[in-house]
Amino acid sequence: MRYHHGVQLLLFTYLSAAFLPPCFGGGETLQLNDDVLGLIVFKSSFRDPLQSLQSWNEDDQSPCAWRFVRCNAGNGRVSELNLDGLSLSGKLGRGLEKLQSLKVLSLSNNNLTGAITPELALVPNLERLNLSHNSLSANIPSSLSDIPSLQFLDLSHNSLSGPVDDNMFQNCPSLRFLSLAGNRLEGTLPSSLSKCATLNHLNLSSNHFSGGPVFSAGIWSLTRIRTLDLSKNALSGSIPTGISMIHNLKELLLHGNQFSGFLPADIGLCPHLTKIDFSKNLLTGTVPESLQRLNALTYLSLSNNFFTGDFPQWIGQLSNVECLDFSNNGLTGSVPSSIGGLKSLRILSLSNNELIGDIPASLSDASSLSAIRLSGNAFNGTIPNGLFDMKLEELDLSRNELTGFVPPPSSKLYENLEILDLSGNNLKGDIPAEMGLLSRLGYLNLSWNNLESRMPPELGYFQNLTVLDLRSNRLIGSIPGDICDSGSLAILQLDGNFLAGPIPDEIGNCSSLYLLSLSHNNLSGSIPESMSLLSKLKILKLEVNELSGEIPQQLGKLENLLIANVSHNMLVGRLPAGGIFQTLDASAIEGNRGICSPLLKGPCVMNVPKPLVLDPYAYGNQAGGQNRANGGRSTSTGFKRRSFLSVSAIVAISAAAVIAIGVVVITLLNASARRRIAFVENALESMCSSSTRSSNIAAGKLVLFDSKSSADLHTTNIESMLNKAAEIGEGVFGTVYKATVAGQGTVLAIKKLVTANTLEYHEEFDREVRVLGKAKHPNLIPLRGYYWTPQLQLLVSDFAAEGSLQAKLHEPTPSSPPMSWPNRFKIVVGTAKGLAHLHHSFRPPIIHYNIKPSNILVDEDLNPRISDFGLARLLTKLDKHVVSSRFQSAAGYVAPELACQSLRVNEKCDVYGFGVLILELVTGRRPVEYGEDNVVILSDHVRVMLEQGNVLDCVDPSMGEYPEDEVLPVLKLALVCTSQIPSSRPSMSEVVQILQVIKTPIPNRMEPY
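Just so you know, the sequence shown maps onto residues -25 to -1, 1 to 984 in mature numbering (1 follows the signal peptide of the UniProt record, and there is no 0).
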């Protein structure tokens, strides 16, 4: 209580002193007490859980002996106040304005909240102000510009928001250090920054600054700048020449923005540059040759841009470079052998370019290398043996065209290598046994090669291995029982090999596994019960093997299991009662010998004991004794005893007879029903065909799959409906018309297909369209029929009066309410279920090929229905015209593999488009947005925001409140679906299951699509 009364008294004294003149003869004492009073008042606004400021006593005549306080030896006034890292909380209060000699104020790494008090500007001699790493909010007060003596200002890593006043730095004659990094500041950079002529460190990174051209504000005129960091904002425009004016520049960090155009040619005229990072922008052109002059450069990153041209052959000139990252560009040509002369090089990343030729053997001369990343190029030849004789921690040569054998690692690799990825090449031969000596290896990926060996038992020696991926090779033999001896394995993928024998019981030792994939092998025997010990398991894939018996009921206890597939084995019996198994769709269990499920049409085979038949010799020894008494001859009595059947046997035989009779009766009834259905279908088709021929043979053949809403269409001249006034849309595969059936008022949609490359013969066309006509699902627009002549092909389907998702999302009427999150999520789930039906209910699957909002129609309740699916089946090939039109009409939705490979269309193309659709629904933005000076790719933008931890800033604000625990995983799912690598994208059935888990985490409430 004494402390609180003392504070109140001091506050009163403090306020009184502000208005009363100093007493005669006591002015000096009052001046000394000003610092005490000011600090005590300042302290009163804090909570001090560590009692760090306990020594501050209002009864003291001077604060110079207090902890964290330093005074000027000349006048005895407080000059420095350092309260860093004391866990102080509360708000910045008043009091410091009494400290007229204060030069240094540092409160960093505390828990301060609220706004920055404008009264700080009343400290006239303040030179250093550090409020970094707190939780301060609101705007930066413009009054800070009234401190002319300020040399150091650090407000970084708070929650400051809003724009920075354009005149904020109009008066900064002494400012040398300015950091506003890690806040939520927005708007354009203040033009008054160019007035800070003495500035040598400027850090505005990790904010929301936007706009351009940035450098027109005069940043290049800050000739004393040594560190310039504008990274991780949304700055755009070009980077002009003039950087050579900053002669002392050492670090230039502009990564994570939207800068476009060429790099300035004079960048190499800054001789002191040690660090350059232009990564994650939209820069184009070639790598400037002037960079070779930067002898002091230690870090150079141009990754994730659009640079083209040959890889710089002068790279060996950068003698001091330690990190070189040109990944994710379009560089061509070969890597020169001079790169081996970079003795200081530690990290080399050239992944995802178009580089060719051999991997330079001279790389092994770069003795400091710890990471080599060359994936996603077209390197050929063999792997240089010298790379396996280095002290590397990471070696990634995946997705190239390398041949030959995997070199055995040397002793230098044994204690260093943590990541080894050689996947996606043409390597052959054995997996070297020495691999088992890589004691620190955590990631091993040799998948998608032609390795032909047995799985070496040494793989069980790995103590730190978390990922083992040997998919799609030619491995033989059995799975080693000690493969999980380390206990750290989280991902085990052995699918697509020739592995045989049983799944080892020791698989239960893989206690850390969350992904187990053994599909597409020759594994036999039963699924081990020990698999139920894998409590962390989320994905289990055992399809296409020769596994038999029942699925152990204990697997139903795997509460974390989200995806399971046991299809195409020899399994029988009931599915486990718990967990994910009761919600599996048909594609996950089909193709077995007798799994019991209402989703399957096949037999249900139960592994139960056969009916018991009693042995007639089991009751006493009379028969046997009599037989022996007669010298082994069978008497008539003995014969009769052995001929009688037991009661159990009679019951079993009777039951079997009843079952057999029932099967025969049901079979006959089914056959009769099928004949009746076939007769009705043939009669209807005959009526339709005859009606068409009789009405207008010259007009072509009209085939209707059912009579719903189209009974009078036969009598209509269908070609007359195709007039310009009825046209409602045009796409890659043709033009859509709105048609009203005469006499009914029923409205249909008629799509006139493009004629180029359409199936030439009516029989082929009929077969493919009938497959599409069988696609019936609540989330699909059904195909009603077609019209065919050699010159004209039409498809007839339902007309959706409510319009498309495109209109609802991007072209709403003024009276349309904004779409809420539940409605958007409903569209995501419904579209996923419709695509899953197309992909998994047909063999071969029906590929949509053109997923985008204009092909998702919605009803009045915003239930989605997919239209225009499977039209690629009606073309003999996807020619350049169609592909070009596809890219132009669906920019942003097209899977990247269609642009760089031989036009392979599969389900993963649809998954990519679906992922973009999710992003569009959640953010409300289009997949590609064009500005004056830049292009924003939505998937890349969201991915960057996720990496920065700000992904929820992407959410469309118009949809109002939303649950973060749903929106965040949906955004992450979208980014997985839009992976650049098709095999990394999930199947649509997996997507449906994941969405159901996101919406309703309780497994037994999930519904099949």
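The beta-carbon is built from N, C-alpha and C at its ideal position, and this holds for glycine as well.
Source: prediction; values computed, not measured.
What do you reckon, are the CB atoms on residue i and residue j nearer than 7 Å?
{"i": "Pro479", "j": "Ile514", "result": "no"}
{"i": "Leu537", "j": "Val972", "result": "yes"}
{"i": "Arg759", "j": "Leu896", "result": "no"}
{"i": "Thr441", "j": "Gly456", "result": "no"}
{"i": "Ile826", "j": "Asp885", "result": "yes"}
{"i": "Asn544", "j": "Leu574", "result": "no"}
{"i": "Leu813", "j": "Ile821", "result": "yes"}
{"i": "Ser166", "j": "Asp141", "result": "yes"}
{"i": "Thr307", "j": "Phe281", "result": "no"}
{"i": "Asn472", "j": "Asn439", "result": "no"}
{"i": "Leu780", "j": "Pro828", "result": "yes"}
{"i": "Ser422", "j": "Ser398", "result": "yes"}
{"i": "Gly483", "j": "Ser505", "result": "yes"}
{"i": "Glu777", "j": "Asp843", "result": "no"}
{"i": "Leu210", "j": "Asn232", "result": "yes"}
Which same chain residues, not among the five before or five after residue i, have their C-beta less than 8 Å away from its C-beta?
{"i": "Gly606", "result": "Confidence at Gly606 is low in this model, with a pLDDT of 39, below 50, so its placement is unreliable and the value that follows should be read with caution. If we look at Gly606 and ignore the five residues flanking it on each side, it has no Cβ neighbours."}
{"i": "Ala353", "result": "Glu329, Leu330, Ile331, Asn375 and Glu376"}
Taking all protein chains shown into account, do 16 or more other C-beta atoms lie within 10 angstroms of the C-beta of residue i, making it buried, or fewer, making it exposed?
{"i": "Asp371", "result": "buried"}
{"i": "Lys749", "result": "exposed"}
{"i": "Tyr736", "result": "exposed"}
{"i": "Gln468", "result": "buried"}
{"i": "Ile956", "result": "exposed"}
{"i": "Asn401", "result": "exposed"}
{"i": "Trp289", "result": "exposed"}
{"i": "Arg446", "result": "buried"}
{"i": "His(-22)", "result": "The predicted position of His(-22) is uncertain, since its pLDDT is 43 and thus under 50; no value can be drawn from it."}
{"i": "Ile358", "result": "buried"}
{"i": "Ile458", "result": "buried"}
{"i": "Cys579", "result": "exposed"}
{"i": "His222", "result": "exposed"}
Return the Cβ separation of residue i and residue j in integer angstroms, given the expectation that the two are a contact with Cβ distance under 8 Å.
{"i": "Thr898", "j": "Val930", "result": "7 Å"}
{"i": "Leu338", "j": "Ile347", "result": "7 Å"}
{"i": "Leu179", "j": "Leu150", "result": "Going by Cβ atoms, the distance from Leu179 to Leu150 rounds to 14 Å, so no, they are not a contact pair."}
{"i": "Ile91", "j": "Leu74", "result": "No, Ile91 and Leu74 are not in contact; Cβ-Cβ is about 17 Å, not under 8 Å."}
{"i": "Ala563", "j": "Gln528", "result": "Between Gln528 and Ala563 the Cβ distance is about 17 Å, and since that is not below 8 Å, they are no contact."}
{"i": "Arg103", "j": "Val79", "result": "4 Å"}
{"i": "Asp121", "j": "Ser83", "result": "22 Å between Cβ atoms; not a contact."}
{"i": "Val16", "j": "Asp35", "result": "Actually they do not touch by this definition, with Cβ atoms about 14 Å apart."}
{"i": "Asn303", "j": "Ser276", "result": "Actually they are not in contact, since the Cβ atoms of Asn303 and Ser276 sit about 11 Å apart, beyond 8 Å."}
{"i": "Thr806", "j": "Leu892", "result": "7 Å"}
{"i": "Thr216", "j": "Ala240", "result": "6 Å"}
{"i": "Lys726", "j": "Phe774", "result": "With 8 Å as the limit, Lys726 and Phe774 do not qualify as a contact, their Cβ atoms being about 11 Å apart."}
Could you pull the start and end residues of the beta strand (DSSP E) that residue i belongs to?
{"i": "Ala475", "result": "Ala475 to Pro477"}
{"i": "Asn540", "result": "Ile538 to Asn540"}
{"i": "Glu904", "result": "Val903 to Tyr905"}
Quick one: give me the first and last residue of the alpha helix (DSSP H) that residue i is part of.
{"i": "Cys952", "result": "Glu939 to Cys952"}
{"i": "Glu895", "result": "Glu882 to Thr898"}
{"i": "Glu525", "result": "Looking at the DSSP string, Glu525 is not in any alpha helix (DSSP H); the run it does join, the beta strand (DSSP E), is Glu521 to Glu525."}
{"i": "Val966", "result": "Met963 to Lys974"}
{"i": "Asp59", "result": "Here Asp59 belongs to no alpha helix (DSSP H), and DSSP marks it neither H nor E."}
{"i": "Ile15", "result": "Gly2 to Lys18"}
{"i": "Tyr489", "result": "No alpha helix (DSSP H) holds Tyr489; DSSP gives it neither H nor E."}
{"i": "Lys387", "result": "Ser386 to Tyr389"}
{"i": "Ser914", "result": "Leu913 to Gln923"}
{"i": "Trp763", "result": "Where Trp763 is concerned, there is no enclosing alpha helix (DSSP H), although the beta strand (DSSP E) it sits in stretches over Leu758 to Trp763."}
Using a Cβ-Cβ cut-off of 7 Å (strictly less than) and excluding sequence neighbours within five positions of residue i, which residues of its own chain qualify?
{"i": "Glu739", "result": "none"}
{"i": "Leu25", "result": "Leu61 and Ser62"}
{"i": "Ser77", "result": "The displayed chain sequence assigns Leu, not Ser, to residue 77. Taken in chain order, the residues that qualify are Val53, Ser54, Leu56, Leu71, Val98, Asn100 and Leu101."}
Please go through the same chain and pick out, in chain order, the residues whose beta-carbon is closer than 6 Å to the beta-carbon of residue i, but skip the five residues on each side of it.
{"i": "Ser181", "result": "Ala156, Gly157 and Lys207"}
{"i": "Arg42", "result": "Ser30"}
{"i": "Leu128", "result": "Leu104 and Leu153"}
{"i": "Leu846", "result": "Phe708"}
{"i": "Lys516", "result": "Ser492, Ser494 and Asn540"}
{"i": "Ala686", "result": "With a pLDDT of only 43 at Ala686, under the threshold of 50, the placement of this residue in the model should not be trusted, and no figure is reported."}
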